[in-house]
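In full-length UniProt numbering, the protein residues as written are 1 to 437. Virtual Cβ for every residue (Gly too), placed ideally from N, Cα, C. Predicted model only: the values in this text are computed from it and were never measured.
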């Protein structure tokens, strides 16, 4: 039988393949993009003999765009944004109570609570680089718990967070792992369309001491504010600054522009992700099931083997290989393999194994097959083929007895001959799905 781990690791694809329904495959399209804006405090603190901590980031705001898809592949979005200033609003405590959060919960906890509520309909959270690190201390609390992250603190690929009461899981995926190392601006340009662009904001001039003074002003930022110590010069051109001045006219305070800027960063991530989903969907790849472009490429390699027609060029009229057919015989017996001949010793060991297996499962063993059934089963294995894959029994492919009802013992009436490998794969699973293994 075919071996396709990249395919079988996806339960939906596994089911569709087993039942010959791959034409009904649809990729997951519901997800949430989110992004932090931070305060940067320069501290220049020596924490070890040869290590100096230059600056410390803290959360200023968080925004997200929730994507709800329709049957025709169109989608609708819901946008949210919370800032440090929201913690001082009159209805903040009321919002915390609505989600069962403690009165001293930060705005990130409120966002997470609403995200879990939205995730009843959408399942993945995509973020830009470093944002997962800003969530670490918020993910472990009395309402939800963080699983073991894939990757490390500096390059976390994925984190699964479980709601303790609802037992619902939400997966946070590093979007950069799907697109490759690039800036958000480059990602939107390469994978999005020309109708969207990344806005600008002078993050470096805002810190925990001046945030109120800076963000509550009504005049736009000066061009000098966009000087970057990290980049060693201006972070934007004069033309980009002129566009910023036009955009700012829609807002009264700089804080309002900050929310717009933060939300826009999450909204412009949607189109590139949708384009990437569409690209891989034609090859039956659901990219939101994976957490890196490398794992998508690995899955594509297996799909190329089993569904070559998906990869035929339109100009190539010739079909070189046929697609995988669940009803076909892939047993591929080795003509040189010697037919299996049951020995008394082999059969006795099998009987002891079946007895131990039923004993551990709490099943009565009085009516089990015994060593006295040797002659009967020797003839059975000589005349039969595997009841799961139809392969003949050889010394390369030895036989066993597959329980039909795992609640009953290994009796003559409750077993069929099967390959050892098929028997292990079958277990309590759907027989058609087990036949893929």
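Outcome for residue i when other beta-carbon atoms lying within 10 angstroms are tallied against a minimum of 16
{"i": "residue 260", "result": "buried"}
{"i": "residue 27", "result": "buried"}
{"i": "residue 403", "result": "buried"}
{"i": "residue 266", "result": "buried"}
{"i": "residue 269", "result": "buried"}
{"i": "residue 47", "result": "exposed"}
{"i": "residue 359", "result": "exposed"}
{"i": "residue 78", "result": "exposed"}
{"i": "residue 109", "result": "buried"}
{"i": "residue 216", "result": "exposed"}
{"i": "residue 115", "result": "buried"}
{"i": "residue 376", "result": "exposed"}
{"i": "residue 395", "result": "exposed"}
{"i": "residue 263", "result": "buried"}
Closer than 8 Å to chain C by CB, residue i
{"i": "residue 53", "result": "Among the chains of the structure shown, chain C does not appear; only one protein chain is present."}
Bridge partners - residue i, DSSP secondary structure assignment
{"i": "residue 136", "result": "According to DSSP, residue 136 bridges with nothing at all."}
{"i": "residue 69", "result": "75"}
{"i": "residue 42", "result": "55"}
{"i": "residue 37", "result": "61"}
{"i": "residue 241", "result": "Paired residues: none, contrary to the question."}
{"i": "residue 339", "result": "394"}
Beta-carbon spacing of residue i, residue j below 8 Å
{"i": "residue 145", "j": "residue 164", "result": "yes"}
{"i": "residue 39", "j": "residue 195", "result": "no"}
{"i": "residue 119", "j": "residue 170", "result": "yes"}
{"i": "residue 57", "j": "residue 206", "result": "no"}
{"i": "residue 280", "j": "residue 310", "result": "no"}
{"i": "residue 138", "j": "residue 96", "result": "no"}
{"i": "residue 337", "j": "residue 351", "result": "no"}
Neighbourhood of residue i by C-beta distance below 7 Å, restricted to the same chain and skipping five residues each side
{"i": "residue 69", "result": "29, 30 and 75"}
{"i": "residue 271", "result": "192, 193 and 196"}
{"i": "residue 105", "result": "96"}
{"i": "residue 347", "result": "371, 374 and 377"}
Sequence-distant residues of its chain with Cβ nearer than 8 Å to residue i (five each side left out)
{"i": "residue 419", "result": "386, 388, 389, 391, 393, 397, 398, 399 and 400"}
{"i": "residue 203", "result": "37, 38 and 40"}
{"i": "residue 276", "result": "178, 179, 191 and 287"}
Residue span of the beta strand (DSSP E) that contains residue i, given as start and end
{"i": "residue 419", "result": "415-419"}
{"i": "residue 163", "result": "156-163"}
{"i": "residue 174", "result": "169-174"}
Residue interval of the alpha helix (DSSP H) (run including residue i)
{"i": "residue 305", "result": "293-306"}
{"i": "residue 118", "result": "107-118"}
Cutoff 6 Å; reference residue i; Cβ partners in own chain excluding five residues on either side
{"i": "residue 64", "result": "32, 34, 80 and 266"}
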